[in-house]
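Numbering (the numbering used here), first residue to last: 1277 to 1679.
This is how it looks when you write it as structure tokens:
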């Protein structure tokens, strides 16, 4: 018998969602609750309307059973909205909204995407390689309004460097995209039941947990956040960072470039502005600096990354004297707080990209804080790619049980 869960089990085979992996001063309190802006949406553009038959026609051959998952047709829109950049200045950002073709009152699902390498994969471009095209559209066809932020650095803000693995940048852009979606639904008189779900894997998992924290601590009663599903995110930034700097990692070039990307992002956003040679030895420093100058991170480092760092940098981290860098890392830590909304943390215990310690440490810290609604779903033997399928299926079941 074909079930929604068995259909979702084919989703990874047919589309390999979230395939690009991610790496990685938490405040002891929270930022003050501020009034919601009256309106953030500035523009909406219809990208396409698809009937159930058109959606089903995408799936043939080995993915044909996915046709049974399609219930409603969908309409896809590109939104532009006002948000706040990491420098505190107003900026125009964008994202995609997928609306099921139904008059029923439907919940909203904010879908934070994982690491993407190029703007073509941004949700608002709605390419066949984007998560919103596959995962998002299938969930929309089941009766969710999908809100999918591009984040700063893609879509309308593509001329600005992406805020990679930056807590505030990701959470702020995602929250304001939800607000823009709310504005859009009101403009179009679309029947939203005011229930909000949030989900994401990899960088999207980190962005989702940062978004949950921001909603719970800063928005008061603005939203009815029902559930949060986070997969394989780098939540414990200090522990993860120290493991990368001091321990042996996979040495896979495609993974190393993600770790380098995070480091350079923090160096930039926190005004450290150090030369690459402060962090990396030769010949790695020259290779990285050349790529950065070319606005690229096509870095081919195929050794354990701890072998590439300078002794000065490692010593400053180990003995705690590199206060500026350590403060930047700490400011992006989100593992130790008390969530109120039901939360599931999915993670493969053999993940060599975003280490399992991130979810284990988050779960342990949250339970110690007294969180009653958090669950750690360990995927035995799962790596960063193979754990995607259990995450998708588990998220579907989790949200459906609450629906």
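Glycine is no exception: its CB is placed at the ideal position from the N, C-alpha and C atoms.
The structure displayed is predicted, hence computed values, not measured ones.
Review point. Buried or exposed: residue 1488, going by 16 or more other Cβ atoms within 10 Å of its Cβ?
Key: buried
Point to revise | Segment contact, 8 Å Cβ cut-off, at least three pairs: the segment 1494-1512 with the segment 1623-1643 | key: yes
**Study point:** Proximal residues to residue 1386 (C-beta, below 6 Å), its chain only, five neighbours per side dropped
**Key:** 1423, 1454 and 1474
Review point. How many angstroms separate the CA atom of residue 1483 from the CA atom of residue 1313?
Key: 21 Å
Review point. So residue 1354 is in the beta strand (DSSP E); what residue range does that whole segment cover?
Key: 1350-1360
**Study point:** Per-residue DSSP class, three states only, for residue 1319
**Key:** strand
Review point. Which same chain residues, not among the five before or five after residue 1656, have their C-beta less than 7 Å away from its C-beta?
Key: 1625
Point to revise | Separation of residue 1644 from residue 1316, as counted between CA atoms | key: 37 Å
Review point. DSSP puts residue 1651 in a beta bridge; with which residues?
Key: 1620
**Study point:** N- and C-terminal bounds of the beta strand (DSSP E) containing residue 1473
**Key:** 1468-1477
Practice item. Please report how far the alpha carbon of residue 1531 lies from the alpha carbon of residue 1379, in whole angstroms. Key: 44 Å
Check your understanding: Can you give, in chain order, each stretch of the alpha helix (DSSP H) that sits fully within the segment 1554-1587 and has at least 4 residues?
Key -> 1560-1569
**Study point:** Sequence-distant residues of its chain with Cβ nearer than 8 Å to residue 1614 (five each side left out)
**Key:** 1642, 1645, 1646 and 1647
Practice item. Using the Cα positions of residue 1384 and residue 1374, report the straight-line distance between them to the nearest angstrom. Key: 10 Å
**Study point:** Contact between the segment 1443-1460 and the segment 1424-1432 (3+ Cβ pairs under 8 Å)
**Key:** yes
Check your understanding: Of the residues 1501, 1433, 1440 and 1335, which one's Cα is nearest the Cα of residue 1542?
Key -> 1440
Practice item. Return the first residue and the last residue of the beta strand (DSSP E) that residue 1382 is part of. Key: 1382-1388
**Study point:** Coarse secondary structure for residue 1304, derived from DSSP in three states
**Key:** Caution is warranted here: a pLDDT of 45 is assigned to residue 1304, below 50, making its placement in the model unreliable, and no coordinate value can be reported.
Review point. Is the Cβ-Cβ distance between residue 1472 and residue 1417 less than 8 Å?
Key: no
Practice item. Find the nearest neighbour of residue 1415 within the set 1672, 1335, 1654 and 1586, judged by alpha-carbon distance. Key: 1672
Practice item. On a CA-only basis, which of 1545, 1567 and 1539 is nearest residue 1554? Give me that one, please. Key: 1539
Exercise for review: Quick one: using the 10 Å Cβ neighbour count with 16 as the cut-off for buried, is residue 1464 buried or exposed?
Suggested key: exposed
Check your understanding: What did DSSP end up calling residue 1528 once you bin it into helix, strand or coil?
Key -> coil
Exercise for review: List the residues that DSSP assigns as beta-bridge partners of residue 1501.
Suggested key: 1472
Practice item. Compute the Euclidean distance between the alpha carbons of residue 1500 and residue 1546, then round it to the nearest angstrom. Key: 33 Å
Point to revise | CB of residue 1358 within 8 Å of CB of residue 1368, strictly | key: yes
Review point. Which term fits residue 1335, buried or exposed, when burial requires 16 or more other beta carbons within 10 angstroms of its beta carbon?
Key: buried
Review point. When you compare only the Cα positions, how much space is there between residue 1575 and residue 1549?
Key: 20 Å
Review point. By the 10 Å Cβ neighbour count, where 16 or more other Cβ atoms means buried, how is residue 1679 classified, buried or exposed?
Key: exposed
Exercise for review: Please confirm if the segment 1651-1665 is in contact with the segment 1568-1582, defined as three or more CB-CB distances below 8 Å between the two stretches.
Suggested key: no
**Study point:** Residues bridged to residue 1370 [DSSP beta-bridge criterion]
**Key:** 1356
Exercise for review: Mind reading off the beta-carbon distance from residue 1496 to residue 1580? Whole number of angstroms is fine, and I expect it under 8 Å.
Suggested key: 46 Å between Cβ atoms; not a contact.
Practice item. Provide the residue(s) that pair with residue 1326 in DSSP beta bridges, ordered along the chain. Key: 1350
Check your understanding: Straight-line CA distance for residue 1504 to residue 1619?
Key -> 5 Å
Practice item. Note down the Cα distance separating residue 1533 from residue 1438, rounded to an integer number of angstroms. Key: 15 Å
Point to revise | Boundaries of the beta strand (DSSP E) in which residue 1425 is found, first to last residue | key: 1421-1425
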